[in-house]
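Here's the structure, in structure tokens; my notes come after.
Residue numbers (this note's numbering), protein chains in the order written: chain A, 104 to 381; chain B, 140 to 352.
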């Protein structure tokens with residue numbers, strides 16, 4: 104199946120937060136207690152109940168104050184650290200390219216939340232028992248609530264809830280390669296208009312993300328990780344410690360059993376000799 | 140045949156309780172280590188078993204040390220006391236363990252060099268596993284994610300080291316013909332005089348002459 108993606112054009116976003124609401128209603132997420140922090144930005148953070156939120160940034164630039172809106176949700180990486188470290192296989196790559204998960208398989212270990220370079224997967228973990236289950240944006244591929252693999256009752260292909268509700272066209276859904284073309288063209292246009300640092304984020308980051316951002320400034324201005332990577336500890340763990348562990352255990356067991364066999368034969372032979380000598 | 144006591148009742152009880160905790164820890168830990176076992180961890184029940192066993196893994200030796208401070212200290216001291224006899228062991232061991240008697244094995248103390256290696260691994264990796272495990276248990280969201288990531292890594296490395304040495308320990312202790320009385324001694328506490336003399340000559344001379352250290 105074709106690789107799909109969501110394109111977020113930050114220059115079109117008005118931070119209406121319709122996406123936040125649509126996400127909750129489609130994905131059956133509960134409301135979260137809000138805290139007023141002096142802006143209309145809320146809920147306070149991503150959580151198992153909040154899979155997408157708009158972040159507000161006031162960026163001053165020589166008296167030119169800009170109000171920037173950043174979409175905060177799963178980036179659906181091609182090289183996803185969460186999938187790499189998930190011990191139970193709960194997190195997986197959906198055939199459309201998105202990073203989805205099977206909640207029934209989650210053990211609650213929380214490695215995904217600790218290794219994700221975007222700090223996206225969230226759990227409410229009991230500090231004593233460690234119980235908790237991970238939740239995050241699935242790009243509406245959640246089994247049972249799946250939108251994008253389906254068609255609605257009048258025959259339209261469904262798009263992720265956030266995209267469907269977006270009134271300004273800041274969010275679009277489609278084939279990833281086509282969205283890259285669209286996004287690149289928009290970035291070129293922004294550069295021509297004087298936004299020299301305009302950038303299409305996600306084309307190559309983390310192996311290529313399935314959420315692409317059109318930014319009219321550098322990612323750091325928008326509060327986005329500049330160079331997201333699978334943490335070295337995860338790669339070292341999966342690609343070195345695990346295989347080394349199997350090799351060491353296998354060789355040790357094999358060597359020891361061989362050693363025991365040889366020792367048995369030798370000691371029995373010696374015993375016989377001693378008996379014969381007497 | 141005459142027997143000599145090698146492990147007190149408490150020492151044996153401690154051993155088997157730690158065995159129980161370690162096996163529970165290793166099995167539930169392997170659920171997260173070996174991808175084929177992954178589904179067994181789903182739901183998180185094995186992670187609770189891991190934590191209960193972890194409490195035992197810490198509590199058992201702590202309680203033992205409180206009850207038997209002297210022998211505990213001696214045991215720790217012994218693990219880290221290395222000398223000439225160990226060099227002799229190292230030279231003789233490769234052939235000795237294959238059942239040859241080409242190079243004479245020098246008389247060993249209460250624990251031979253191989254056993255001391257295991258003791259060192261148990262003490263050091265035990266501490267590393269407890270500390271790293273403690274950070275993963277209580278430190279989530281408190282320590283920086285970078286620290287947490289390397290803690291997970293360290294926990295795994297320590298497990299591989301301890302697990303490999305555990306394989307050596309269990310095979311030598313149960314089915315290796317050189318150590319025919321090892322299993323008996325950790326169950327009943329005693330070994331024959333002959334076994335004590337041939338395997339732990341220095342120790343046997345010390346205890347049979349009635350001398351204190």
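Ideal placement from N, C-alpha and C gives every residue a C-beta, glycine not left out.
This one's a predicted model, so the numbers in the text were calculated from it and none came from an experiment.
Beta bridge counterpart(s) of residue i as assigned by DSSP
i: residue 157(A); result: 174(A)
i: residue 108(A); result: 277(A)
i: residue 238(A); result: 225(A)
i: residue 168(A); result: 163(A)
i: residue 319(B); result: According to DSSP, residue 319(B) bridges with nothing at all.
i: residue 180(A); result: 312(A)
Opening and closing residue of the beta strand (DSSP E) in which residue i lies
i: residue 143(B); result: 142-144
i: residue 317(A); result: 314-318
i: residue 304(A); result: 302-304
i: residue 194(A); result: 194-196
i: residue 202(A); result: 202-204
i: residue 331(B); result: 329-331
Delimiting residues of the alpha helix (DSSP H) encompassing residue i
i: residue 159(B); result: 148-172
i: residue 216(B); result: 208-218
i: residue 421(A); result: This structure does not reach residue 421(A), given that chain A is present from 104 up to 381, and the question cannot be answered.
i: residue 325(A); result: Looking at the DSSP string, residue 325(A) is not in any alpha helix (DSSP H), and its letter there is neither H nor E.
i: residue 347(B); result: 340-347
i: residue 257(A); result: Neither: residue 257(A) is in no alpha helix (DSSP H) and is coded neither H nor E.
i: residue 187(A); result: 184-188
i: residue 268(B); result: 252-277
i: residue 311(A); result: That residue, residue 311(A), is in no alpha helix (DSSP H); it is neither H nor E in DSSP.
i: residue 226(B); result: 223-235
i: residue 288(B); result: 284-313
i: residue 338(A); result: 335-339
i: residue 215(A); result: 214-218
Beta-carbon neighbours of residue i, restricted to chain B and to distances below 9 angstroms
i: residue 357(A); result: Here the premise fails: no neighbours, minimum Cβ distance about 10 angstroms.
i: residue 70(A); result: Since the displayed chain A opens at 104 and closes at 381, residue 70(A) lies outside it and no answer follows.
Amino acids of chain A, ordered along the chain, whose beta-carbon sits closer than 7 angstroms to that of residue i
i: residue 177(B); result: 190, 191 and 192
i: residue 278(B); result: Simply none; closest approach about 10 angstroms.
i: residue 284(B); result: 217
i: residue 292(B); result: 336, 339, 340 and 344
From the options, residue whose alpha carbon lies closest to that of residue i
i: residue 324(A); options: 151(A), 170(A) and 272(A); result: 170(A)
i: residue 152(B); options: 200(B), 255(B) and 216(B); result: 200(B)
i: residue 269(A); options: 106(A), 123(A) and 108(A); result: 123(A)
i: residue 288(A); options: 274(A), 303(A), 212(A) and 356(A); result: 303(A)
i: residue 156(B); options: 193(B), 174(B), 186(B) and 143(B); result: 193(B)
i: residue 310(A); options: 182(A), 354(A), 366(A) and 242(A); result: 182(A)
i: residue 115(A); options: 329(A), 366(A) and 272(A); result: 272(A)
i: residue 189(B); options: 142(B), 241(B), 257(B) and 273(B); result: 273(B)
i: residue 148(A); options: 142(A), 157(A) and 141(A); result: 157(A)
i: residue 229(A); options: 259(B), 258(B), 142(B) and 279(B); result: 279(B)
i: residue 369(A); options: 331(B), 214(B), 234(B) and 289(B); result: 234(B)
i: residue 176(B); options: 193(A), 162(A) and 117(A); result: 193(A)
i: residue 238(B); options: 340(A), 329(A), 363(A) and 254(A); result: 363(A)
i: residue 144(B); options: 317(B), 329(B) and 347(B); result: 329(B)
i: residue 236(B); options: 222(B), 221(B), 252(B) and 223(B); result: 252(B)
i: residue 326(A); options: 232(A), 146(A), 176(A) and 367(A); result: 176(A)
i: residue 155(A); options: 139(A), 161(A) and 146(A); result: 146(A)
i: residue 289(B); options: 301(B), 270(B) and 210(B); result: 270(B)
i: residue 266(A); options: 106(A), 111(A) and 105(A); result: 111(A)
i: residue 109(A); options: 279(A), 121(A) and 134(A); result: 279(A)
i: residue 154(B); options: 300(B), 326(B), 285(B) and 348(B); result: 326(B)
Interface partners of residue i on chain A, CB under 8 angstroms
i: residue 180(B); result: 190, 191, 210 and 212
i: residue 308(B); result: None at all; the shortest Cβ gap to chain A is about 10 angstroms.
i: residue 136(B); result: The structure shown has nothing for residue 136(B), since chain B only spans 140 to 352.
i: residue 289(B); result: 336
i: residue 237(B); result: 362, 365, 366 and 369
i: residue 299(B); result: 344, 347, 348, 351 and 352
Where residue i meets chain A, residues with beta-carbon distance less than 9 angstroms
i: residue 214(B); result: Ordered by position in chain A, no residue passes the 9 angstroms Cβ test against residue 214(B), which lies about 25 angstroms from the chain.
i: residue 131(B); result: Outside the shown range of chain B, which is 140 to 352, sits residue 131(B), and nothing can be said about it.
i: residue 302(B); result: 348, 351, 352 and 355
i: residue 315(B); result: 359, 362, 363, 366 and 367
i: residue 171(B); result: 190, 191, 210, 212 and 214
i: residue 174(B); result: 190, 191, 192 and 345
Chain B contact residues for residue i, given Cβ-Cβ distances below 8 angstroms
i: residue 195(A); result: Neighbours of residue 195(A) on chain B: none; closest Cβ ~12 angstroms, over 8 angstroms.
i: residue 338(A); result: Neighbours of residue 338(A) on chain B: none; closest Cβ ~10 angstroms, over 8 angstroms.
Contact list for residue i against chain B, beta-carbon separation under 7 angstroms
i: residue 228(A); result: 279
i: residue 207(A); result: 181
* Evaluate the contact criterion for the region 294-303 of chain A versus the region 317-331 of chain A: three or more CB pairs, one atom per stretch, below 8 angstroms. => yes
When the Cβ atoms of the region 178-187 of chain A are set against those of the region 152-168 of chain A, are three or more pairs found closer than 8 angstroms? no
Margin query: Does the structure place the region 234-253 of chain B close enough to the region 337-345 of chain B that three or more beta carbon pairs sit under 8 angstroms?
Written below: yes
- Query: Contact between the region 180-188 of chain B and the region 199-216 of chain A: three or more CB pairs below 8 angstroms?
  - Reply: yes
Taking three-plus beta-carbon pairs below 8 angstroms as touching, is the region 205-218 of chain B in contact with the region 256-271 of chain B? yes
- Query: Quick check: the region 302-312 of chain B against the region 233-244 of chain A, are there 3 or more CB pairs under 8 angstroms?
  - Reply: no
Count the C-beta pairs between the region 134-154 of chain A and the region 218-238 of chain A that are closer than 8 angstroms, then say yes if the count reaches three, no if not.
yes
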